[in-house]
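**Q** This note's numbering runs 1 ahead of the 1-based position in the sequence shown. Take a look at the following structure, please.
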Amino acid sequence: MTQKYVKAVISDTPDEAALPVLEGALGPSAVDIQTLYARYGLLAYDPGFRSTASCKSAITFVDGDNGVLLYRGYPIEELAEHSDFVEVAYLLMNGELPTPEQRKTFDLLIGQSNLLHEQIMNFFRGFRRDAHPMAVMVGVV
Numbered sequence: 002m003t004q005k006y007v008k009a010v011i012s013d014t015p016d017e018a019a020l021p022v023l024e025g026a027l028g029p030s031a032v033d034i035q036t037l038y039a040r041y042g043l044l045a046y047d048p049g050f051r052s053t054a055s056c057k058s059a060i061t062f063v064d065g066d067n068g069v070l071l072y073r074g075y076p077i078e079e080l081a082e083h084s085d086f087v088e089v090a091y092l093l094m095n096g097e098l099p100t101p102e103q104r105k106t107f108d109l110l111i112g113q114s115n116l117l118h119e120q121i122m123n124f125f126r127g128f129r130r131d132a133h134p135m136a137v138m139v140g141v142v
C-alpha cells in the first residue's frame, strides 16, 4: 500500500511539510504531526484533545462519540455479559479468548500468582474492621 501524506504549508516560509497519514484498523485515519515540532518548532493545538490520538493500540479501540469500546475487537458489552475476569484478562494478554483448556491453565496460573505474603496480611489485620477500604489500601501500599 502506498504511503499517504497530508501537505502542510508553513506560511512566511517556502517550506511544505509532508505529514504521514496513519491508517487504523477501525475508525478514522490519523495524521502524524511529530515533525512539526522537530522541524519547525510548532505544536498542535487541540483543546480537550477531541481530535488527538494519543497512541497506537492493538488492545483497545474507543469511539466516545458513538459509545464504542472494544477490547481486541470485542464490544465491552459482549465481554461483560458473556465472559468473566479470567477470560478477559487472557484476551487482553494474548489477543484471543481462551479455549476451555487455556482458560483452565490460565486460571491456575492466576491462582498461584495472587497469594498474599503473611506480612501483608499482618498489615491488613492492623486496621479496624470498619476502616474505609481506600485508607486501608493506601496504608498497606
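No residue lacks a Cβ here, since even glycine has one placed at the ideal position from N, Cα and C. Computed from a predicted model, the values in this text were never measured in an experiment.
1) If you reduce the DSSP assignment to three classes, tell me which class E17 lands in.
2) Using the C-alpha atoms, what's the distance from G68 back to F50?
3) Check L70 in the structure and name its three-state DSSP category.
4) Using 8 Å as the threshold, is the C-beta distance between E88 and R104 below it?
5) Exposed or buried, which one is L92 when buried takes at least 16 other CB atoms within 10 Å?
6) Near V10, what residues of its chain come up, given a Cβ to Cβ distance below 7 Å and the 5 sequence neighbours on each side ignored?
7) Distance check for D64 and A45, CA to CA, integer angstroms please.
8) Does the Cβ-Cβ distance between P21 and Y38 come in under 8 Å?
**A** Taking the structure as given:
1) strand
2) 17 Å
3) strand
4) yes
5) buried
6) E17
7) 21 Å
8) no
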